[in-house]
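>
Protein chains: 2
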Amino acid sequence: MDDYRQLKKHFHETGYLHRAISLLDWDHETYLPAKGVPFRADQQAFLSRLAHERLTSNRVADLIASCESNSTAMNATQQANIRAWRRDRDRAVKLPTDFVEHFEKTCALGKAAWTEARRTSQFELFASHLEQLVELSRKKADYYGYKEHPYDALMDEYEPGCTNRILTPIFEQLKQSIVSWLPYGIEKTNQIPSNLLESNYPIQDQAKFNTMVARAMGFDFQSGRIDTTTHPFCTDLGPHDVRLTTRYELKDFAVSLYSVLHEAGHGLYEQGFCPEHAGTPMAEAVSLGIHESQSRLWENKVGRAPEFWSEWYGKACQCLPSLKPFSPEEITMAVNRVSPSFIRVEADEVTYDLHIILRFELEKLLISGDLPVKDVPKVWNARFKEMFGIEVPDDTHGCLQDIHWSMGGFGYFPTYTLGNLHSAQLYAAAEKTLGHRIHLLQDGCYTPLLDWLRSNVHQHGRRHEPATLIREATGQDIQASFHGEYLKKRLEAIGV
Amino acid sequence: MDDYRQLKKHFHETGYLHRAISLLDWDHETYLPAKGVPFRADQQAFLSRLAHERLTSNRVADLIASCESNSTAMNATQQANIRAWRRDRDRAVKLPTDFVEHFEKTCALGKAAWTEARRTSQFELFASHLEQLVELSRKKADYYGYKEHPYDALMDEYEPGCTNRILTPIFEQLKQSIVSWLPYGIEKTNQIPSNLLESNYPIQDQAKFNTMVARAMGFDFQSGRIDTTTHPFCTDLGPHDVRLTTRYELKDFAVSLYSVLHEAGHGLYEQGFCPEHAGTPMAEAVSLGIHESQSRLWENKVGRAPEFWSEWYGKACQCLPSLKPFSPEEITMAVNRVSPSFIRVEADEVTYDLHIILRFELEKLLISGDLPVKDVPKVWNARFKEMFGIEVPDDTHGCLQDIHWSMGGFGYFPTYTLGNLHSAQLYAAAEKTLGHRIHLLQDGCYTPLLDWLRSNVHQHGRRHEPATLIREATGQDIQASFHGEYLKKRLEAIGV
């Protein structure tokens, strides 16, 4: 037991370092002066190295082994923590230090090349970098090891236990279902023009309304805050310090509102761990897919529901008087408008997953070696046409739009769609228990729903693998059908 | 030479940690959510321990010793760096770890007790804590070692080389000079009422004007920024990342303006080190007194001069239309108004040093054991009456007003007055060279003055002890007369 305590203390202290790195990062995005960037980058690298050294030390290996050999004396929570520490350490030592450094340098150069390639829409400026990144990612997969597909080793970093064999049929089913609903969705929601709500929404008024909604979701502003960045994100800087960011468009209140709903969904997960587990894996997010399920659930299942706008219409009009000319039904229709488009981050809820499935398919081909890098634009454009029915005008609006590949993040994209699938499945399970109370404010807060998420998702931290968590929370393995059903129902429910 | 390079790298990397701690601190004061405080405190303590371990390691001792034994091969800059590293390490190892921990805990309890004591004006709530803090500070002085007075060992932490023997006659002379000028200052400046400028100055308008002035001083907003805190401060988070903070009073623009001038003075020092020395003592402030000389010089010698208000009057009125009813002469008079008062941080420039001298005298008596803690309020009140001519109403307005003792910061106060003395002496030397150009804007900036400070103060970092720096910059040892002369001239120059 003494070894367990030492291990816990060691990781608890390593957490101080990780959170300091997260603060350096948050500050980088929010308030860092321009010329401070190079020093900050070196500083982050140094602190990351310290944290890595602490994770990979022999002392940690010995302590973990000793706890494992004594596991019968441990309770379930302690055993789960040890499993998580084992996983983290093993993954960390599998990559040789030289390889990690080479990978990081390649990413840094890759990111710069990608930025320029995207700006000028010249894929060839990025091609040789992408080749190296693919090659290094295959090597990474070899270091990690895998049973069936090298892509599995890469996905496992973001979604433990997730494999190509599990995902491919589910994604295929989802694709069929979306494609079959797409024409109906377009026809129904295009009754209103795309710029219907375009008006003037002063930033501070938007912020006021967003804060009201986040508070009602249960986001604790004594343990968190909202700042402004170019790309919204959520980061936890401590057990009671969760930072959200958003961005504002003067003419379109929905940009900041739905990014706050999304990021506050992430934030509620971080604020929802059990305080007594602070500093251990029991108070850490289990995967990106589960994390994304929380953000998507609040952003879409709650925030774009007709119930949301009947609930919030009055307060929204008070904060944002430019909304008054529109009915709650019109607003609901506008924020659910379906329209195939080129850019993933601007996609509607129905077509969003098609963007992900396209990337998922191409990534697998790249990693298995079946798609030469030089053919990426051609294959991207052909498949895009097939799925979306529109012609990609240039690579900036095609295969160059996302930053992920330039950062070597193969295997990350599928977690976005996993987030949608999980959120639909969790939402359906919550609805079974809560009925209409799922959209109900109780003392001004979405207490019934939040309580359900707290006890079925948040409080478990990394106790189970994501697949187990979903099974225990919903009574079923992951299914594509929930998300398809949800999309169908939502499209049927809205109307002006 | 290889040892020197290793040492430099080691301290350069330790700097990453120190700057991370400074960011944790800055964030604590600016944006940290309320419930995040306890975690942050533990996190700061942990990172401080890491930094301390890096400073006190045997490897560092060996490398320093090796460099010292090979000092003839080093250039002057390298030798100065080694001297500084030696000083820092020796001081750090002189205090046993147990003692440091005990000291910190006593401070934490002391600070809590002081907060309550000040709130309720009950000295007895703080007395036993203060006794322990005095006792521990005497012990600290013993650990550090000293030749003549234990207080010297404590002051040396903030102002290397400064002693009671040097300071006492200078402070005595200053006191005489202030006391003799005080009645004239009061009589002259009290021609206008204390609330003359009281009006409505919207925060964003104040911020706009302050930024304009800070920019003209030469503060680089690409390498720094200004935020809002309860107590203004300046911190450097990297070679190109200097953060100032200020606070705003809606009715009194001068509060934020002069705190920005003050903190930007500190900030210019931090931004003024040679980039090639980044990460070494050559790019660190030499002492608190020299740091304060820079803030005081800009705040008072520049910012309260009649020349300042003839220069800035037009722009100030544009930003802050409520200033229009007043002439530049009236504004100058108002911001130089002399009036004995109880609270140090609200004191005018003439009486400010009397506050410091009172604390300096009492601190020495406490540390030498000649003043029992229980007698502090009595002695404070009696001396205050003698120096200021007014009766202290309660301990909140007397010996309980400052936080420093509750943090065990004995020896800190004198650096405030050293800042005034140094700033007056530097200002006189700069004036000798620059004449009226000292207040001159060149291409919108105080370039002549800033250039003089850059080459005579900033760029030297910790090359010399503060006393040597002053001697080289001004041609003379520290003198009380410059500050006295400056106050006299200033009072004579203003008038409506």
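Residue numbers (the working numbering), protein chains in the order written: chain A, 10 to 505; chain B, 10 to 505.
All C-beta atoms in this analysis are idealised placements derived from N, C-alpha and C, irrespective of residue type, glycine included.
Since the model is a prediction, treat every value here as computed from it, not as a measurement.
Would you kindly check if the distance between the Cβ of A/D12 and the Cβ of A/C116 is under 8 Å?
Contact flag unset, no.
> Rounded to whole angstroms, how far is the Cβ of A/Y167 from the Cβ of A/T424, which I believe are closer than 8 Å?
The Cβ separation is near 5 Å, so the contact holds.
> Measure from the alpha carbon of B/R234 to the alpha carbon of each residue in B/A287, B/R472, B/D51 and B/T220, then state which is nearest.
When only C-alpha atoms are compared, the closest one is B/T220.
> How far does the alpha helix (DSSP H) with B/R234 in it extend, from its first residue to its last?
Segment G233 to T237 is the beta strand (DSSP E) holding B/R234; no alpha helix (DSSP H) there.
> Whose C-beta lies closer than 7 Å to the C-beta of A/A356 among residues of the same chain, with five residues either side of it excluded?
The residues are S350 and H364.
> Using a Cβ-Cβ distance cut-off of 8 Å, determine whether B/H448 contacts chain A.
It does not; no Cβ of chain A falls within 8 Å.
> Should B/E285 be flagged as near chain A, meaning a C-beta pair shorter than 8 Å?
Cβ-Cβ to chain A under 8 Å: no for B/E285.
> Give a yes or no on contact between the stretch 489-498 of chain B and the stretch 168-186 of chain B, applying the rule of three or more CB pairs nearer than 8 Å.
Because the criterion of three Cβ pairs below 8 Å is met, the stretch 489-498 of chain B and the stretch 168-186 of chain B touch.
> Would you verify that the beta carbon of B/D36 is, or is not, closer than 8 Å to some beta carbon of chain A?
At least one chain A Cβ lies under 8 Å of B/D36.
> Is DSSP giving A/V251 helix, strand or coil here?
A/V251 falls in the strand class under three-state DSSP.
> Nearest to A/H158 by CA position, among A/K373, A/H138 and A/R313, is which residue?
Of the candidates A/K373, A/H138 and A/R313, the one whose C-alpha sits nearest the C-alpha of A/H158 is A/K373.
> In chain order, what residues of the same chain lie with their CB nearer than 7 Å to the CB of A/L509, ignoring the 5 residues before and after it?
Since the displayed chain A opens at 10 and closes at 505, residue 509 of chain A lies outside it and no answer follows.
> Please determine, among B/F48, B/L41 and B/V102, the residue with the shortest C-alpha to C-alpha distance to B/A60.
Ranking B/F48, B/L41 and B/V102 by Cα distance to B/A60 puts B/V102 first.
> Whose CA, out of B/L500, B/F419 and B/L191, lies closest to the CA of B/T341?
Ranking B/L500, B/F419 and B/L191 by Cα distance to B/T341 puts B/L500 first.
> Locate the alpha helix (DSSP H) running through A/L134, then write down its first and last residues.
Counting along the chain, the alpha helix (DSSP H) containing A/L134 begins and ends at E133 to Y153.
> Under 8 Å by Cβ, that's how I've got B/C283 and B/Q468 pegged, so tell me the actual separation to the nearest angstrom.
Rounded, the Cβ-Cβ distance is 5 Å, consistent with contact.
> At 8 Å on the CB atoms, spell out the chain A contacts of B/E22, in chain order.
In chain order: F55.
> Let me see if you follow: with CB-CB separation under 8 Å, is B/F351 close to chain A or not?
Not one chain A Cβ lies under 8 Å of B/F351.
> Find the residues of chain B that neighbour A/A50, judging by a C-beta separation of less than 8 Å, and give them in chain order.
Near A/A50 there are no residues of chain B at all, since even the closest Cβ is about 10 Å away, more than 8 Å.
> Along chain A, which residues have their Cβ under 8 Å away from the Cβ of B/G230?
Note that residue 230 of chain B corresponds to Phe in the displayed sequence, not to Gly. Going along chain A in sequence order, the residues near B/F230 (Cβ under 8 Å) are P42.
> Establish whether the CB of B/R499 and some CB of chain A are separated by less than 8 Å.
It does not: the Cβ of B/R499 has no partner Cβ on chain A nearer than 8 Å.
> Flag this pair as yes or no: are the beta carbons of B/S296 and B/H271 separated by less than 8 Å?
Not in contact: B/S296 and B/H271 (Cβ atoms no closer than 8 Å).
> Could you tell me whether the stretch 256-272 of chain B touches the stretch 390-403 of chain B, using the rule of 3 or more Cβ pairs below 8 Å?
Contact fails: fewer than three Cβ-Cβ distances are below 8 Å.
> Check the Cβ of A/D214 against every Cβ in chain B and list those closer than 9 Å, keeping chain order.
Correct list: empty, because the minimum Cβ distance to chain B is about 17 Å.
> Using only CA atoms, which one of B/D214, B/I299 and B/Y278 lies nearest to B/A263?
That would be B/D214, whose Cα lies nearest to the Cα of B/A263.
> Taking C-beta to C-beta, are A/D36 and B/L32 nearer than 8 Å?
Their beta carbons are under 8 Å apart, which means A/D36 touches B/L32 by this criterion.
> What is the residue span of the alpha helix (DSSP H) that B/A223 lies within?
Looking at the DSSP string, the run of the alpha helix (DSSP H) that includes B/A223 is I212 to M226.
> Closer than 8 Å by beta-carbon distance: list the chain A residues that pair up with B/G247, in chain order.
Here the neighbours are G45, F48, R49 and Q52.
> Given that A/L64 touches chain B, what residues does it touch there, using C-beta distances under 9 Å?
Residues of chain B passing the Cβ test: none, with the nearest at roughly 15 Å.
> Smallest Cα separation from A/E301: which of A/A93, A/A292, A/Y421 and A/G194?
Per the Cα distances, A/Y421.
> Should A/R174 be flagged as near chain B, meaning a C-beta pair shorter than 8 Å?
It does not: the Cβ of A/R174 has no partner Cβ on chain B nearer than 8 Å.
> In the structure shown, what three-state DSSP assignment does A/C408 receive?
If DSSP states are grouped into helix, strand and coil, A/C408 belongs with coil.
> Name, please, each residue of chain A whose Cβ falls closer than 9 Å to the Cβ of B/G281.
Chain A residues near B/G281: none, gap ~14 Å exceeds 9 Å.
> For B/N345, which residues of its own chain have a beta-carbon under 8 Å away from its beta-carbon, when the five flanking residues on both sides are left out?
Excluding sequence neighbours, B/N345 sits near T198, R313, D357, E358, R499, L500 and I503.
> Taking B/S146 as the reference, give the member of B/S336, B/I376, B/I91 and B/E316 with the closest Cα.
If we check each option's Cα against that of B/S146, B/I376 comes out closest.
> Along chain A, which residues have their Cβ under 8 Å away from the Cβ of B/D250?
Result: L41, P42, K44, G45, F48 and R49.
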